[in-house]
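*Asks:* First the structure, then my questions, so here it is.
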DNA sequence: ACGTTATCTGGGAGCGTTCCCAGGTTCACA
DNA sequence: TGTGAACCTGGGAACGCTCCCAGATAACGT
């Protein structure tokens, strides 16, 4: 069943059917009605491949999450929330989403290669990219259209991205901790090869400086975004008796709470804890955290990408979303 | 850049380039080398739309998750795990995945309509379908190829699906609870309109019957798969003093634990708790549960679908994966 | 009445592949 | 040396759309 068939049944030409389907003007009302009826009756849907072939648009955008298995799910609802946000925006614009998840073990074909190989998408959303990410580099090299969630590895003003002001937000965290009287403020960072994590550390440093507090290297632990890393990080910090810990991500903070509970320390009386991202677990654990609506980041990124694709926005375009410090019982007892 | 361009540069014909790309025989080694070199040098990749147009294959499979926002993430890592499993299988076969997530509010276009509209996928994986699911019905009506994860609403031997033997597994749970001396065994079910939940309840009933225990209607609470529903369900059960609770899903079980903790009851001494699915949270909460590797369900479904698409398997095909009762501290104290 | 313009309709060309067939060469074997 | 099979290569046709142009008809102002 194709345009020609519909045309025959409606007693018009292929072109006219195409006009009706694409809602173009210059079709008389009576003809439009007749064609519509045939289309509905036959449950006709135009072949997307043929359409894509000529328009060079698939109305599909791709999302590539280049993280290993264990990060995607688990405590970490970051990616599901991001996906949900992307899906929302996409639906609104009548696009579809192609999803690639990296695996821990790459059997032969690398993740980047796999993503690059399928070229059906009009554009890509990528996230959690490291400095040396092969996908990132391949995209640039082959001049493919993409938007990053979070800040690009090396600041590059030719890249479009959506992020939050990590540095300023982190600084705000320190302000808060100082305000509630903490002086030995530690931090456990996320992966330093991810720009956001790095920026949060910068904010931490600036916050301490501003408050006139000394920076003790013993109070900085470099880690990753996993709960286990938060746990071990905190155990490493314990001997140095911090009275507050700023975790570079909520999942890390959960690990911190685990370690503190195990050590018999009270939160927030003995140690105040702050996270980042405001994942749904944060509320459940009464965790003070920096909120920036991960879903909103996702939908913003998708909307941006689609606007770029449709030429309604100039490339590159960069968006910094606001953050908000949500104060819960992990820093201020009720 | 297309086949013809490559052909010209390599001094051969379009057809020959096509043969090289598709790794067909009847191409001399020297020509193959020459063409390959040009392809690599130009970083040529064939246009997927054109290819799809003629082959009627996109090498894309779709996954539709028709659940509202709040189920997708949160405590519930079920879907992310499923996706990861699907992604693994898909990667292996060199397919890509199109993902649709339902939203809570449908703005105009329904979820089913949206999924049906995009016809790029060679087949679909659908999950968490209710009795009256419009997507389910539309797929059948329009004769689209699909595989269900979990048992179809009404047993229909024309549908391909992957599931576990929910009834038998649930029965095994009751056997275990009886074996550790429990007599007042309650259950909180998932959504009854989802077949799996219904089957688990059947297994519960059969288990009680087999053990010669009376079935007390007060000990059955009909709910949904959310943590909050587990919590409220348990509060509803408290007056009837059950000594064990079989939750129709791990997320429900978490809610049960919340309510028990709040009521000051000990697990498992006062009340034993069992879940279903063995999500990663189960281990963290030492929850006895029925394990069936959600990831494996996902990869099995994807593999099945691809085999059906490629004609290596007859449609319909139905797979029941094994389950295993994982005993942890929520039923047996150490 | 006649141009001029807006409205409507149809058909050819082309998007970039794969598939099929025809023709040419090479090779094994009688 | 002839003959059939296997091997290799090229070009036309088709997949189902959109885009462009040409032509027909209606509407309008002078």
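Protein chains in written order, with this note's numbering: chain A, 7 to 340; chain B, 7 to 340.
Note that the Cβ used here is the ideal one computed from N, Cα and C, for glycine as well.
This structure is a prediction, so every number in the text was calculated from the model and none was measured.
So, with DSSP's three-state summary, where would you put residue 30/A?
*Replies:* In this structure, residue 30/A counts as coil in the three-state DSSP scheme.
*Asks:* Per DSSP, what kind of secondary structure is residue 317/B in: helix, strand or coil?
*Replies:* Of the three classes helix, strand and coil, the one that applies to residue 317/B here is coil, per DSSP.
*Asks:* What are the partner residues of residue 130/A, as DSSP defines its beta bridges?
*Replies:* Looking at the DSSP assignment, residue 130/A forms a beta bridge with 68/A, 152/A.
*Asks:* Taking residue 207/A as the reference, give the member of 217/A, 184/A, 218/A, 173/A with the closest Cα.
*Replies:* If we check each option's Cα against that of residue 207/A, 173/A comes out closest.
*Asks:* Applying a beta-carbon distance threshold of less than 7 Å, which residues of chain B neighbour residue 58/A?
*Replies:* Near residue 58/A (Cβ distances below 7 Å), the residues of chain B are 55.
*Asks:* To which residues of the same chain is residue 76/B closer than 6 Å at the C-beta, ignoring the five residues directly before and after it?
*Replies:* Residue placement at residue 76/B is poorly supported in this model, since its pLDDT is 45, which falls under 50; the coordinates still yield a value, given next. Excluding sequence neighbours, residue 76/B sits near nothing in its chain.
*Asks:* Let me see if you follow: with CB-CB separation under 8 Å, is residue 159/B close to chain A or not?
*Replies:* No, because no Cβ of chain A sits closer than 8 Å to the Cβ of residue 159/B.
*Asks:* Cβ of residue 154/B less than 8 Å from any chain A Cβ?
*Replies:* No, no contact with chain A.
*Asks:* Evaluate the contact criterion for the region 130-144 of chain A versus the region 291-299 of chain A: three or more CB pairs, one atom per stretch, below 8 Å.
*Replies:* Taking 8 Å as the limit for Cβ pairs, the verdict is that the region 291-299 of chain A does not touch the region 130-144 of chain A.
*Asks:* Can you tell me whether residue 108/B is helix, strand or coil according to DSSP?
*Replies:* Coil at residue 108/B, not helix or strand.
*Asks:* For residue 19/B, count neighbouring C-beta atoms within 10 Å of its own C-beta (all shown protein chains included) and say buried if the count is 16 or more, exposed if not.
*Replies:* Label assigned to residue 19/B: exposed.
*Asks:* Which runs of the alpha helix (DSSP H) fall wholly inside the region 192-254 of chain B and span at least 4 residues, in chain order?
*Replies:* Those alpha helix (DSSP H) runs which fall completely within the region 192-254 of chain B and span 4+ residues are 201-216, 233-243.
*Asks:* Whether or not the region 217-228 of chain A and the region 262-281 of chain A are in contact is what I'm after, with contact meaning three or more pairs of Cβ atoms, one per stretch, closer than 8 Å; do they touch?
*Replies:* No: the two stretches stay apart, fewer than three of their Cβ pairs being nearer than 8 Å.
*Asks:* Taking the DSSP output, what are the residues bridged to residue 281/A?
*Replies:* Its beta-bridge partners are 295/A.
*Asks:* Enumerate in chain order the residues of its own chain whose CB-to-CB distance from residue 88/A is below 6 Å, with the five nearest sequence positions on each side excluded.
*Replies:* If we look at residue 88/A and ignore the five residues flanking it on each side, its Cβ neighbours are 300, 304.
*Asks:* Using a Cβ-Cβ cut-off of 8 Å, state whether residue 75/A counts as contacting chain B.
*Replies:* Residue confidence for residue 75/A is low, a pLDDT of 42 falling below 50, so the modelled location carries little weight and cannot support an answer.
*Asks:* Is residue 159/B near residue 181/B, with beta carbons less than 8 Å apart?
*Replies:* No. Outside cutoff.
*Asks:* Could you compute how far the alpha carbon of residue 309/A sits from the alpha carbon of residue 125/B?
*Replies:* Rounded to whole angstroms, residue 309/A to residue 125/B spans 22 Å at the Cα level.
*Asks:* Pull up the distance between the alpha-carbon of residue 175/A and that of residue 330/A, whole angstroms please.
*Replies:* Approximately 8 Å between the Cα atoms of the pair.
*Asks:* Taking DSSP as the reference, what is the three-state secondary structure of residue 331/B?
*Replies:* Strand at residue 331/B.
*Asks:* Expressed to the nearest angstrom, what Euclidean distance is found between the alpha-carbon atoms of residue 165/B and residue 12/A?
*Replies:* Their backbone Cα atoms lie some 31 Å apart in a straight line.
*Asks:* When the cut-off is 8 Å and only beta carbons count, does residue 124/B lie next to chain A?
*Replies:* Yes - at least one Cβ of chain A is within 8 Å of the one on residue 124/B.
*Asks:* For the alpha helix (DSSP H) containing residue 166/A, list its first residue and its last residue.
*Replies:* First-last for residue 166/A: 166-170, but that is the beta strand (DSSP E), not the alpha helix (DSSP H).
*Asks:* Taking its Cβ as the centre, do 16 or more other Cβ atoms sit within 10 Å of residue 317/B, making it buried, or is it exposed?
*Replies:* That one is exposed.
*Asks:* Tell me, to the nearest whole angstrom, how far the beta carbon of residue 15/A is from that of residue 33/A; I am working on the premise that it is less than 8 Å.
*Replies:* Not a contact, Cβ separation roughly 16 Å.
*Asks:* Using CA atoms only, rank isn't needed, just tell me which of 336/B, 147/B, 25/B, 108/B is closest to residue 90/A.
*Replies:* When each option's Cα is compared against that of residue 90/A, the closest is 108/B.
*Asks:* Which one or two residues does DSSP pair with residue 102/B in a beta bridge?
*Replies:* According to DSSP, which records beta bridges pairwise, residue 102/B is partnered with 66/B.
*Asks:* Is residue 312/B helix, strand or coil by DSSP?
*Replies:* If DSSP states are grouped into helix, strand and coil, residue 312/B belongs with the helices.
*Asks:* Of all the CB atoms in chain A, is at least one closer than 8 Å to the CB of residue 334/B?
*Replies:* No, no contact with chain A.
*Asks:* Of the residues that make up the region 30-56 of chain A, which ones have a beta carbon closer than 9 Å to any beta carbon in chain B?
*Replies:* Those would be 49, 51, 52, 53, 54, 55, 56, in chain order.
*Asks:* Whose C-alpha, out of 195/B, 246/B, 59/B, 49/B, is nearest the C-alpha of residue 233/B?
*Replies:* If we check each option's Cα against that of residue 233/B, 195/B comes out closest.
*Asks:* When the cut-off is 8 Å and only beta carbons count, does residue 97/B lie next to chain A?
*Replies:* Yes, residue 97/B counts as interfacial toward chain A.
*Asks:* Taking 8 Å as the CB-CB limit, is residue 197/A close to chain B?
*Replies:* No - not a single Cβ of chain B is within 8 Å of the one on residue 197/A.
*Asks:* Please state if the CB of residue 57/B and the CB of residue 148/A are separated by a distance shorter than 8 Å.
*Replies:* No; because the gap between Cβ atoms is not below 8 Å, this pair is not in contact.
*Asks:* Taking 8 Å as the threshold (beta carbon to beta carbon), is residue 318/A in contact with chain B?
*Replies:* It does not; no Cβ of chain B falls within 8 Å.
*Asks:* Sorted by chain position, which residues of the same chain lie with C-beta nearer than 6 Å to residue 170/A's C-beta, five sequence neighbours on each side aside?
*Replies:* The answer, listed in chain order, is 298, 327, 329.
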